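Residue numbers (the numbering used here), protein chains in the order written: chain A, 1210 to 1712; chain B, 273 to 386.
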């Protein structure tokens, strides 16, 4: 429906006045009611299994077709291909909601059959996998221990390439991917949303895991604090009125002071690191990210990462922070916890409605953050991605990014489901276009809008020959004020190819 | 005045009905794309830089949908410049007058591309 007449063209003053008044009232009603509008997030629904799967419910640009490769998986998060081109996936073994299952590495056979290659040892979430020189490399978050990069032989034998990564918090060990230089690149997310341990971390679960209440963020290099502190209730005691004061990069209940130096280390949070595949000491590649989840090299050998932006939660909530696609520059600091997509967090758009403006946590900034190559919708959760490299698929050089979708209301309020699709990022302009989305009058996961389409795309990777895009679909994740409720056995793998005649 | 009231009522109804219509305009849904439309590239660039994160593709997200709001260009520009509710105002140093013209043209074209 389009209104093509210029409603301001009337010369009658009464008509103009009431027209403007009606439009303003309508605008306020439809757009200005954020404060009273209930959140309508992707997971704010109910679900009764089994999950329906119907490729016809997924819309693609003309010339492409999608099919289901496998279903019935539990929390799949990453995909790679063995030397023969057979898809191999990881099941995480852990999901938000404090649901622990068994991490698994599975080869996907014809007709969606699975063959177990290896299983984890209570060390989920396994968030990603890559195959290189006859071995699988897996990012194992191990939220009850410490993050690791595992090497798994085709016979299932495991060894540790890197350990002692700070992965007990909100975000985990991510990646990995092999670079053109033969190094293994991976990432580590931060412990917290915005640098301060708070009640949201108890709600996520990890602060209440009594083994590690002292856990906090660790920077990649030495930093100097501004001494900003936050007072909250203390959920770690039985006294419901007990309060604590917490500073940045410090354990819950530990205040900071101006000028305080926090020592950095290579195995830090919010960082991209690299290590030789055969093992050895890791190196810090870049830092100052929040949750760098997806890693991929472009066709000209540049490393890119997707970053999950700030949430509107915790002691230091940030509003309106988009996710980003970054080109990784060696040694650069990307701005967390004081910049959003290269912009100072003190700017008004990042102030949650009705709350005071944010302050910098750092007294000195380690550098000027770069600008992102692309920015995604707020709370879309831009995750695993890949670059097209074959004319058989088309759009060579463009990035294809899995958007997991919002976790409202936990991460903040949204007026409609965000993400839950695969988007294409233009290689030249950073413009973002939908690529694979569910059909229907509104967007969202199938569990919310009906049908048998996508739920929660968490990774996208091209086949060895580049002709097919595989989409890892985590499955149904319900979300409420009480937290996350992931649904085991609802994960799936999809495959997108280009129709003959459109190549 | 009667004519004014009637038109105002019509506008209010139009806004209400428009708000109920689907806001989905992306290529997979409509089979059409404005990606290479002549004369819209600058507006598209501004939209992606300034609007897309809260109104992805003109759909609802953090903020409300745009594609199903039949606002005249002048009111679109007014809201961009002055903000509304949780939406911030975008001043000249963020979106220039020429960019605002281009953005408005893109928003209208996007709305009509269903």
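Backbone N, C-alpha and C fix where the C-beta goes; we use that ideal spot for every residue, glycine too. Model, not experiment: these values are computed from the prediction.
Short CB-CB distance (under 8 Å) between residue i and chain B
i: residue 1703/A; result: no
i: residue 1557/A; result: yes
i: residue 1588/A; result: yes
i: residue 1658/A; result: no
i: residue 1520/A; result: no
i: residue 1529/A; result: yes
i: residue 1271/A; result: yes
i: residue 1712/A; result: no
i: residue 1642/A; result: yes
i: residue 1240/A; result: Residue confidence is low: residue 1240/A scores 49 on pLDDT, short of 50, so the model does not pin down where it sits. Its coordinate-derived value is still stated next. Yes, its Cβ sits closer than 8 Å to a Cβ of chain B.
i: residue 1584/A; result: yes
i: residue 1654/A; result: no
i: residue 1648/A; result: yes
i: residue 1645/A; result: yes
i: residue 1264/A; result: no
i: residue 1638/A; result: yes
i: residue 1579/A; result: no
i: residue 1268/A; result: yes
i: residue 1243/A; result: yes
Residues near residue i in its chain [Cβ-Cβ closer than 6 Å; skip 5 each side]
i: residue 1533/A; result: 1516, 1550, 1581, 1584
i: residue 1421/A; result: 1377
i: residue 1606/A; result: 1508, 1636
i: residue 1625/A; result: 1249
i: residue 314/B; result: 374
i: residue 1714/A; result: In this structure chain A extends from 1210 to 1712, so residue 1714/A is not present and cannot be described.
i: residue 1456/A; result: 1438, 1464, 1465
Minimum Cβ-Cβ distance from residue i to chain A less than 8 Å
i: residue 367/B; result: no
i: residue 315/B; result: no
i: residue 296/B; result: yes
i: residue 311/B; result: no
i: residue 377/B; result: no
i: residue 374/B; result: no
i: residue 307/B; result: yes
i: residue 364/B; result: no
i: residue 371/B; result: no
Burial state of residue i (16 or more Cβ within 10 Å)
i: residue 1431/A; result: exposed
i: residue 1401/A; result: buried
i: residue 1712/A; result: exposed
i: residue 1485/A; result: exposed
i: residue 1691/A; result: exposed
i: residue 1597/A; result: buried
i: residue 1539/A; result: exposed
i: residue 371/B; result: buried
i: residue 1688/A; result: buried
i: residue 1470/A; result: exposed
i: residue 1476/A; result: buried
i: residue 1500/A; result: buried
i: residue 1664/A; result: buried
i: residue 1325/A; result: exposed
i: residue 1365/A; result: exposed
i: residue 1593/A; result: buried
i: residue 340/B; result: buried
Cβ separation of residue i and residue j, assumed to be a contact under 8 Å, to the nearest whole Å
i: residue 1404/A; j: residue 1525/A; result: 7 Å
i: residue 1360/A; j: residue 1352/A; result: Wrong, their Cβ atoms sit about 21 Å apart, outside the cutoff.
i: residue 1559/A; j: residue 1590/A; result: Contact doesn't hold; Cβ gap of about 18 Å is too wide.
i: residue 1350/A; j: residue 1381/A; result: 3 Å
Neighbourhood of residue i by C-beta distance below 8 Å, restricted to the same chain and skipping five residues each side
i: residue 1677/A; result: 1602, 1671, 1704, 1705, 1706
i: residue 1468/A; result: 1433, 1434, 1436, 1572
i: residue 1640/A; result: 1583, 1634
i: residue 1618/A; result: 1248, 1250, 1253, 1688, 1689, 1690
Contacting residues, own chain, Cβ-Cβ under 7 Å from residue i (five flanking each side not counted)
i: residue 1272/A; result: 1707, 1708, 1711
i: residue 316/B; result: 306, 378
i: residue 1389/A; result: 1506, 1510
i: residue 304/B; result: 385
i: residue 1620/A; result: 1520, 1521, 1522, 1588
i: residue 1321/A; result: 1278, 1279, 1280
Open item on the list: Residues of the segment 320-335 of chain B in Cβ contact with chain A at a cutoff of 7 Å, in chain order, please.
Closed with: For the segment 320-335 of chain B, residues whose beta-carbon sits nearer than 7 Å to a beta-carbon of chain A comprise 320, 324, 325, 326, 328, 329, 331, 332, 333, 334, 335.
Task: Near-chain B residues of the segment 1599-1629 of chain A (beta-carbon distance less than 7 Å), N- to C-terminal order - done: Within the segment 1599-1629 of chain A, the qualifying residues are 1623, 1624, 1625, 1627.
Open item on the list: Give me the subset of the segment 346-361 of chain B whose CB atoms are less than 8 Å from a CB atom of chain A, sorted by chain position.
Closed with: Residues are counted here when their Cβ sits less than 8 Å from a Cβ of chain A; for the segment 346-361 of chain B these are 346, 347, 351, 356, 357, 358, 359, 360, given in chain order.
- [ ] Closer than 7 Å, Cβ to Cβ, to anything on chain B: give me those residues from the segment 1664-1695 of chain A, in chain order.
- [x] From the segment 1664-1695 of chain A, no residue has a Cβ closer than 7 Å to chain B.
Task: Residues, ordered as in the chain, of the segment 1541-1571 of chain A that lie near chain B by beta-carbon distance below 7 Å - done: Taking 7 Å as the Cβ-Cβ cut-off against chain B, the residues of the segment 1541-1571 of chain A that qualify are 1557, 1558, 1562.
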